[in-house]
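Here the structure is laid out as structure tokens; the discussion comes afterwards.
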Amino acid sequence: MARILVVDDEEKMCEILKMMLSFKGHSVDVAYNGREALEKIRDSFYDLVIADIKMPEMDGRKLLEEIKKLEIAIPVVFITAYASVEDAVEAMRAGAVDYIPKPFTEERIFLTVERALGISRLISEKEALARELERKTFPEDIVCVSPAMRKVMDLVERVAAQRNTTVLILGESGVGKEVVAKHLHRRSPRAKGRFVAINCAAVPENLLEAELFGYERGAFTGAASRKKGVFEVAHGGTVFLDEVGDIPLEAQAKLLRVLQERKIQRLGGLEEIPIDVRIVAATHKDLKAMVEEGTFREDLYYRINVFPIYIPPLRERREDIIPLAEHFIRRFVGPKVSGPLLTPGAKKLLLSYSFPGNVRELANACERALILAGGELPLTVEHFDFLYAQSPGSRSRRFELPPEGISLEELEKELIRQALDRTGGNQSAAARLLGLTRSKFRTRMKMLEEDK
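Note that our numbering has the sequence shown beginning at 39, numbered continuously upward.
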């Protein structure tokens, strides 16, 4: 069964074709002009379009031209009462896969549809192979060992198949929101279009609207020529609005209009420009709380929160830490490296660290450790001990004495045990964690062993 769109300004002709094709088990939608058909094509998936050439508002040739602009590979069959050799040649040159003159027989319709659907299947198979090849060859910073990340990627795969659904990616800074957004784009029907990202927190408030919507020449001081904004540049693709919670209220109102009407106006311009993009937004902020505070529009919140995806912090998915670390090491030194990449002690240290900076901090730590190791593998505890040395408050945290008191000797023993456990048994690294020289640490170690 295939999904077919029939486009003809004659309602009777639409109904006849719908009845004939439905009888063969196909799912058939109808549109009565090219503009209506184009809206349906933007919002839904079709295996085939059968369109009349002569129609008001937008004829069949113009419809085919607009479908090509969307970069959607749908076979189009033209059907018309104005048949001639010249018309047939022109239709095929325009990109139609076949041409049917009126009046037609059922056999001619069925034969043409089956042939066109064969082309549609070939196109689908080719695109699927291309996506699979890209999935296998494109380096991804996504590791799905933990159940939490497997759930995230399952949601990404599900929503990626939808062409227009707005997605909101939530999570702390550094968890990989943009990486996930790019993966979503590559797995979507918009993969051939551009992925255009803008960090809304990094653009000054007075320039954000110009970056988003573009501007006309002379719109403001310094606007020497026309410039397209990210929505125009990404036409046919995906716009990634990073840190959407930092957009000022005035710009939020204009963004809402884009989501509602799929049109933009450049600054200083009067023309309404239709845009065809999927919007993926991301933030580390609590947008619900911002709505209650009045710093984020409630109507915009519900517009972007159509399909939320929460990426948990790295500390909540520790199964991913070592596979991610090994992925980053291979990325820095090359994929053909052989032998272990991390010592057991180094793995233990990484697993015991909280990674407040999430995946971004882990990637930076692996790069720094490789530099400290001079590129030699495997990386050891010593190469990563800077993590605890730079941990916020690691030297200034105030210990509170419990009301019931404590055994200083037992506390010292416990701290030594924890330091050794955290550093995989490396005494030099453990000594640094406790602010001791190695000789003083060894003395205390000896005392601990004697007391056993």
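Every residue, glycine too, gets a C-beta built ideally from N, C-alpha and C.
Rounded to the nearest angstrom, the Cβ distance from V277 to I317 is 5 Å, consistent with a contact under 8 Å. With a 10 Å radius around the Cβ and a threshold of 16 neighbouring Cβ atoms, A469 comes out buried.
Here DSSP, grouped into helix, strand and coil, assigns T204 to coil. Separation of A132 and K92 (C-alpha to C-alpha, rounded to the nearest whole angstrom) is 15 Å. Put simply, of Y348, M485, R353 the residue whose alpha carbon is nearest the alpha carbon of D192 is Y348. Distance between T461 and D337, taken at the CA atoms: about 50 Å. Spanning the alpha carbons of L246 and G252 requires a straight line of approximately 9 Å.
A direct Cα-Cα distance of roughly 58 Å separates R225 from L446. Counted as a single uninterrupted DSSP element, the alpha helix (DSSP H) harbouring V296 occupies residues 287 to 299. Under the Cβ criterion (8 Å, minimum of three pairs), the segment 207 to 218 counts as touching the segment 348 to 359. Closest by C-alpha distance to A240, out of V68, L279, K230, V344, is L279. Going by DSSP, F278 is part of the beta strand (DSSP E) stretching over 276 to 280.
A direct Cα-Cα distance of roughly 38 Å separates R196 from F422.
Within the same chain, V268, V271, A272, V277 come within 6 Å of V234 by CB-CB distance, once the 5 residues on both sides are set aside.
The shortest C-alpha to C-alpha distance from T333 to any of R356, L287, R201 is the one to L287. Within the same chain, Cβ atoms closer than 7 Å to the Cβ of V329 are found at E336, Y339, the five residues on either side in sequence being excluded. If you check the CB distance, V68 and K50 do not come in under 8 Å. Scanning its chain for C-beta atoms nearer than 6 Å, with the 5 sequence neighbours on each side dropped, one finds around R73 the residues E95, M96, in chain order. When secondary structure is reduced to three states using DSSP, P312 falls in the strand class.
The segment 97 to 117 makes contact with the segment 74 to 88: 3 or more CB pairs, one atom from each, lie closer than 8 Å. The C-beta distance from L408 to V375 rounds to 11 Å, too long to meet the 8 Å contact threshold.
Beta-bridge partners assigned by DSSP to D97: none are found. When the alpha-carbon of K265 is set against those of E249, C52, L222, the nearest one is in E249. T321 is a Cβ neighbour of V282, given a cutoff of 8 Å.
Between R304 and G274, the C-beta spacing is not below 8 Å. I54 and E152 have their C-alpha atoms roughly 18 Å apart. By the neighbour-count definition (other C-beta atoms within 10 Å, threshold 16), I147 is a buried residue. Residues L305, G306 of the same chain have their beta carbon placed closer than 6 Å to that of A257, with the five preceding and five following residues left out of the count. For the set D85, T418, V66, the Cα lying nearest the Cα of P382 is the one of T418. DSSP, read as helix, strand or coil, puts F345 in strand.
With a cutoff of 8 Å on beta-carbon distance, T118 and D136 are scored as not near each other.
Uninterrupted beta strand (DSSP E) stretches at least 3 residues long and entirely within the segment 200 to 245 occur at 205 to 208, 233 to 237, given in chain order. In the DSSP secondary-structure assignment, D136 is bridged to V115.
Counting only the Cα atoms, I161 lies some 36 Å from L294. Rounded to the nearest whole angstrom, the CA to CA distance from A111 to E48 is 26 Å. Here the C-alpha atom of F393 lies approximately 16 Å from the C-alpha atom of E364.
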